[in-house]
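Input: a single structure, listed below in structure tokens.
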Amino acid sequence: MSESLLEVRNLEKYFPIKSGLFQRTTGHVKAVDGVSFDINRGETLALIGESGSGKSTIAETIIGLKSATGGSITFDGEDITDLSESELEDLRTKVQMVFQDPTSSLNPRRTVEQTLEVPLKARGVPRGERVSRIVDLLERVELNPEHRHRYPHELSGGQKQRINIARAISIEPELLILDEPTSALDVSVQAKIVRLLDDLQEEFDLTYLFITHDLSLVRNVAERTAVMYLGQIQERAQTEQLFEQPHHPYTQALLSAIPVTSDDEEAYKPQQDRLEGEIPSPENVPTGCRFHTRCPYATDVCETDQVPLHAVDDHGEARCHIYDPEHADAFENVPDVKTAAAVRSTPHE
Ligand code: SF4
Numbered sequence: 000m001s002e003s004l005l006e007v008r009n010l011e012k013y014f015p016i017k018s019g020l021f022q023r024t025t026g027h028v029k030a031v032d033g034v035s036f037d038i039n040r041g042e043t044l045a046l047i048g049e050s051g052s053g054k055s056t057i058a059e060t061i062i063g064l065k066s067a068t069g070g071s072i073t074f075d076g077e078d079i080t081d082l083s084e085s086e087l088e089d090l091r092t093k094v095q096m097v098f099q100d101p102t103s104s105l106n107p108r109r110t111v112e113q114t115l116e117v118p119l120k121a122r123g124v125p126r127g128e129r130v131s132r133i134v135d136l137l138e139r140v141e142l143n144p145e146h147r148h149r150y151p152h153e154l155s156g157g158q159k160q161r162i163n164i165a166r167a168i169s170i171e172p173e174l175l176i177l178d179e180p181t182s183a184l185d186v187s188v189q190a191k192i193v194r195l196l197d198d199l200q201e202e203f204d205l206t207y208l209f210i211t212h213d214l215s216l217v218r219n220v221a222e223r224t225a226v227m228y229l230g231q232i233q234e235r236a237q238t239e240q241l242f243e244q245p246h247h248p249y250t251q252a253l254l255s256a257i258p259v260t261s262d263d264e265e266a267y268k269p270q271q272d273r274l275e276g277e278i279p280s281p282e283n284v285p286t287g288c289r290f291h292t293r294c295p296y297a298t299d300v301c302e303t304d305q306v307p308l309h310a311v312d313d314h315g316e317a318r319c320h321i322y323d324p325e326h327a328d329a330f331e332n333v334p335d336v337k338t339a340a341a342v343r344s345t346p347h348e
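Under numbering that gives the first Met the number 0, residues 0 to 348 are what the sequence shown spells out, in order.
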């Protein structure tokens, strides 16, 4: 059994841009453009980035809601890039997804019991066992078994998301894709859902792909984190390493925008201006480094030369010319981004 449960290689998802009377294809939105990562069994990988960075498109492509334009996805050693409908049904007994909006994910005309019965029935659980399984599932997600008689409009946002999680784990999947599972919820409820997910992961030996725009959330959730911007991974590292020493100017900007609650936390924040401006349209991706229109360190080479991921330490990589010795001259006169990264690991006096 390989250590990697999911392997994504050079994944591309392009959407055609059509225009004119005959709706001819005049270009492509490169929503996901050459993304690679692995997730090991039992671990959590976080994909973070602003909306429009391609995170959710990756999730929907993995689970077959969208087809890949290029690249490959391997789950448990099997190529799942291009599956038939029946093969997708099989896949979804092993890979489940929890969506951002807990309300639209539930049928308003079905009680909780009716909702949770569907996957159990599809899995062949006999009728007589289903109620006890549903009661068990509700207890697992810390809801009163009496909630099974309620309709979605009788539940809070947090309770609805617990039902969505119960439905996802009801068929005992191996991989859960969590697409902004807490962003529609109050902060106090978010913490409870994150704790619940943590407990379930331990209990069921689950593997998580955790997608969020909220960097502060991933620190206690994910072993490794990949930072997305305009369809590409800009940095990936062990999560603790990423927080202690972010290497990419975009990661530094994201971290500098996290609200802090103490002087100690303030002292560890990257000393970089906050991110300004909106993420450019994926229909019109900047040339060279995609981040150059917002990067405080950008030089001429950033506008022209595409950037590969460069190794920055034993475990991490950053898509930035600053880490390419061949471009050392181009950054002679800009503040040292490496120093900005190191600031985080050195407490201020
Ligand atoms: Fe900034 Fe240039 Fe690095 Fe891109 S390559 S992140 S523009 S310094």
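Note that beta-carbon positions come from the ideal geometry of N, C-alpha and C, so glycine has one too.
Since this is a predicted model, take the numbers as computed values, not measurements.
{"Query": "Among S35, P15 and R8, the one whose alpha carbon lies nearest that of I226", "Result": "Here residue 226 is Val; the residue named in the question, Ile, does not match the sequence. Looking at the Cα atoms, S35 is the closest of the given residues."}
{"Query": "Cβ-Cβ distance between T211 and I38 below 8 Å", "Result": "no"}
{"Query": "Alpha-carbon spacing of I16 relative to E282, whole angstroms", "Result": "8 Å"}
{"Query": "Enclosing alpha helix (DSSP H) for Q200 [first to last residue]", "Result": "V186 to F203"}
{"Query": "Simplified DSSP assignment, three categories, for D312", "Result": "coil"}
{"Query": "Pair within 8 Å by beta-carbon distance, I176 and L208", "Result": "yes"}
{"Query": "Start-to-end residues for the beta strand (DSSP E) that takes in T211", "Result": "T206 to T211"}
{"Query": "Stretch pair the region 241–260 + the region 309–322: three plus CB contacts closer than 8 Å", "Result": "yes"}
{"Query": "CA-to-CA distance, Q231 to A45, given in whole angstroms", "Result": "14 Å"}
{"Query": "Cα-Cα separation between G276 and T286, rounded to whole angstroms", "Result": "17 Å"}
{"Query": "Unbroken beta strand (DSSP E) run spanning V360, endpoints", "Result": "Outside the shown range of the chain, which is 0 to 348, sits residue 360, and nothing can be said about it."}
{"Query": "Chain-order list of residues whose beta-carbon lies under 7 Å from that of S104 (same chain, five-residue window excluded)", "Result": "F98 and N163"}
{"Query": "Within 8 Å, strictly: CB atoms of A58 and D185", "Result": "no"}
{"Query": "Bridge partner(s) assigned by DSSP for E6", "Result": "D37 and T73"}
{"Query": "H320 Cβ short of 7 Å to ligand 3 heavy atom set", "Result": "Ligand 3 is not part of this structure, which contains only ligand 1."}
{"Query": "Status (buried if at least 16 other CB within 10 Å, exposed otherwise) for H152", "Result": "exposed"}
{"Query": "Whether V31 touches T56 by CB criterion (8 Å)", "Result": "yes"}
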